[in-house]
Ligand code: PRX
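Residue numbers (our numbering): 63 to 691.
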């Protein structure tokens, strides 16, 4: 439909770094290694590579023999230029205070943090768990880990004790970095308390480093500190050793940078492993080309650094390109639902990168809230995390972007490290699709044998060739890496998404094909939620499904079989919901719980969630030949 195509405006096209998608894509497809090597050579390397790619399927190595450190390119590189005094970070607290950092200042703070980590015995290769609220030290801590060559494992502050414990244990972290708490909607999130509970059961942890946040404002709060294990960051940072020079650790380009746990089909979270060199190139190149970042821009990604979006497009990519970014501590509707629009107008944000769920949530409050603010600084918008429904797309485009700002709908995954399918500003947009794969990315929609499916038909969304920022493996589990990503369709990486292609080659993501539920764009495994439920003494068995939800995209419905002696009722349902909230995450709390006598299972005992879902949605239940009875 003609009205569904949004070609770039003359102004957008004129300013765009890449003017023709077809031209660059063709060049990249003809020689992907050359394409990526050119992108990589815009960054600084301590030693050059001798080989661009070594591909032993399904294991790739990029920029072999090169030495680098991603933090050198984020910070140190800019200190030699005029960007030394450019603002790197503008932080706004929920109550409206600001803390601003130039590149010089951010470098100084990261160096100081790195020295403190070293003073606690942290070394190259150590795993460090970071569990922080949205304050500048969240980014500073992560960059400090990378600076000294330690491997960070960031756990989103919305995860609770058991999730934190499980991830600390898997990574065998020696050090945990946290804060005395965080602020969200004026309430204190007791992060240190949760770390205490998680660390009590984690023998690998030798020290807990605590950044002050809530006690600055609420000195009445008492934060128990365990002698010999817990250290206040500000006390160590005040010691003379903290101000010593601390050069970036020279890393092999294939040395691990971070582990980020994400959900999949198994009950246990998978540790996605990324490395310094290739990840740096992917983050830098995609950010530069898709957001068309300019030196005078102010960029704002509303995600949390605890998710992959925050890793790549808050902690690393903006600094790799020398950009100025905005970071906001608190809730979008605090104190009123115009907080984001107020931030954009007060701070002059040019690029806003957000999620469909947030857009739908703010949409509900009506247009009067954004209309009270001058949003004319905006030039470009972005979306990530789940398919954006055309209605939300159009609202974002019209009400926020004033029909001037193109929307970059970016499709990617924790595993891919950086954008894979996304428009460039020069590409014509269609609401609801991330358009086509970026230059250098070879993707398709195929059947189970790897043959492309006809246009308009659903198939597996796959990636054919390796790319620099791809995950290298699953931490400590290369076999599972092979099995999860490289065994379903021969010879290609399966994303877990189903999709279809239209007449222009645009890719429309249909949804997940596995047991992953996207709630508000957050990735949760049904098995994780089920095991949280089953850890409650009243629950014998549980099965979870995702149901469509107007704001969150999906909500969770849980079917629960009770143990003998427990009574069904609203009280128990509330208790179960809270139980999931405290043990796994508030995001994972089921919206609905139904107590049942029995769950539908295959003869081999596997729960048939598909049947529960079909029944719930009033759809045909399909093949039931494997049903137990
Ligand atoms: O299903 C796709 C969906 O999010 C999944 C990846 O989730 P996660 O690893 O948590 O990363 C989210 C942030 C990069 C994908 O397999 N997804 C992500 N972005 C989009 C999307 N689905 C449709 N359109 C998108 N733009």
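Yeah, the Cβ is synthetic: ideal placement off N, Cα and C, and Gly gets one too. Being a predicted model, the structure only gives us computed values, none of them experimental.
Secondary structure of residue i, DSSP reduced to three states
| i | result |
| --- | --- |
| residue 467 | coil |
| residue 141 | helix |
| residue 83 | helix |
| residue 160 | strand |
| residue 249 | strand |
| residue 732 | The chain is shown from 63 up to 691; residue 732 falls before or after that span and cannot be answered. |
| residue 64 | With a pLDDT of only 42 at residue 64, under the threshold of 50, the placement of this residue in the model should not be trusted; the figure read from the coordinates follows. If DSSP states are grouped into helix, strand and coil, residue 64 belongs with the helices. |
| residue 360 | strand |
| residue 527 | coil |
| residue 374 | helix |
| residue 580 | strand |
| residue 674 | helix |
| residue 254 | helix |
| residue 619 | strand |
| residue 217 | coil |
| residue 638 | helix |
| residue 495 | coil |
| residue 560 | strand |
| residue 532 | coil |
| residue 645 | helix |
| residue 478 | coil |
| residue 341 | helix |
| residue 332 | strand |
| residue 507 | strand |
| residue 488 | coil |
| residue 552 | coil |
Residue i: CB within 8 Å of a non-hydrogen atom of ligand 2
| i | result |
| --- | --- |
| residue 370 | Ligands present in the displayed structure are limited to ligand 1, and ligand 2 is not among them. |
Length of the line joining the Cα atoms of residue i and residue j
| i | j | result |
| --- | --- | --- |
| residue 626 | residue 659 | 11 Å |
| residue 657 | residue 596 | 13 Å |
| residue 386 | residue 198 | 14 Å |
| residue 297 | residue 147 | 28 Å |
| residue 204 | residue 565 | 43 Å |
| residue 201 | residue 310 | 16 Å |
| residue 528 | residue 428 | 44 Å |
| residue 686 | residue 661 | 14 Å |
| residue 488 | residue 167 | 35 Å |
| residue 476 | residue 499 | 17 Å |
| residue 301 | residue 367 | 28 Å |
| residue 468 | residue 439 | 13 Å |
| residue 482 | residue 173 | 33 Å |
| residue 277 | residue 283 | 6 Å |
| residue 579 | residue 304 | 44 Å |
| residue 138 | residue 169 | 7 Å |
| residue 114 | residue 74 | 33 Å |
| residue 690 | residue 345 | 48 Å |
Limits of the alpha helix (DSSP H) - the one that residue i falls within
| i | result |
| --- | --- |
| residue 406 | 401-409 |
| residue 603 | Taken as a continuous stretch (DSSP letters only), residue 603 belongs to no alpha helix (DSSP H), being part of the beta strand (DSSP E) at 601-611. |
| residue 279 | 276-279 |
| residue 412 | Careful: residue 412 lies outside any alpha helix (DSSP H) and carries neither H nor E. |
| residue 541 | 540-548 |
| residue 433 | 430-433 |
| residue 697 | Residue 697 falls outside the range modelled here, since the chain spans only 63 to 691, and no answer is possible. |
| residue 425 | 418-425 |
| residue 74 | 72-77 |
Run of the beta strand (DSSP E) containing residue i, from where it starts to where it stops
| i | result |
| --- | --- |
| residue 246 | 244-246 |
| residue 207 | Looking at the DSSP string, residue 207 is not in any beta strand (DSSP E); the run it does join, the alpha helix (DSSP H), is 198-209. |
| residue 230 | First-last for residue 230: 223-233, but that is the alpha helix (DSSP H), not the beta strand (DSSP E). |
| residue 293 | 292-294 |
| residue 320 | 318-324 |
| residue 289 | That residue, residue 289, is in no beta strand (DSSP E); it is neither H nor E in DSSP. |
| residue 154 | 149-154 |
| residue 445 | 442-446 |
| residue 473 | Premise fails: residue 473 is in no beta strand (DSSP E) and is neither H nor E. |
8 Å contact criterion, which residue i and residue j should meet: CB distance rounded
| i | j | result |
| --- | --- | --- |
| residue 179 | residue 136 | At roughly 17 Å, the Cβ-Cβ gap does not stay under 8 Å, so residue 179 and residue 136 are not in contact. |
| residue 335 | residue 536 | 7 Å |
| residue 111 | residue 127 | 5 Å |
| residue 683 | residue 677 | 6 Å |
| residue 154 | residue 390 | 5 Å |
| residue 209 | residue 131 | 7 Å |
| residue 382 | residue 425 | About 32 Å; that fails the 8 Å criterion. |
| residue 491 | residue 68 | 4 Å |
| residue 444 | residue 349 | Rounded, the Cβ-Cβ distance is 10 Å, inconsistent with contact. |
| residue 650 | residue 591 | 5 Å |
9 Å Cβ cutoff, residue i in contact with chain C
| i | result |
| --- | --- |
| residue 530 | Considering every chain present, this structure includes no chain C. It has just one protein chain. |
What residue ranges within the segment 93-123 form continuous alpha helix (DSSP H) runs of no fewer than 4 residues, ordered along the chain?
-> 94-102
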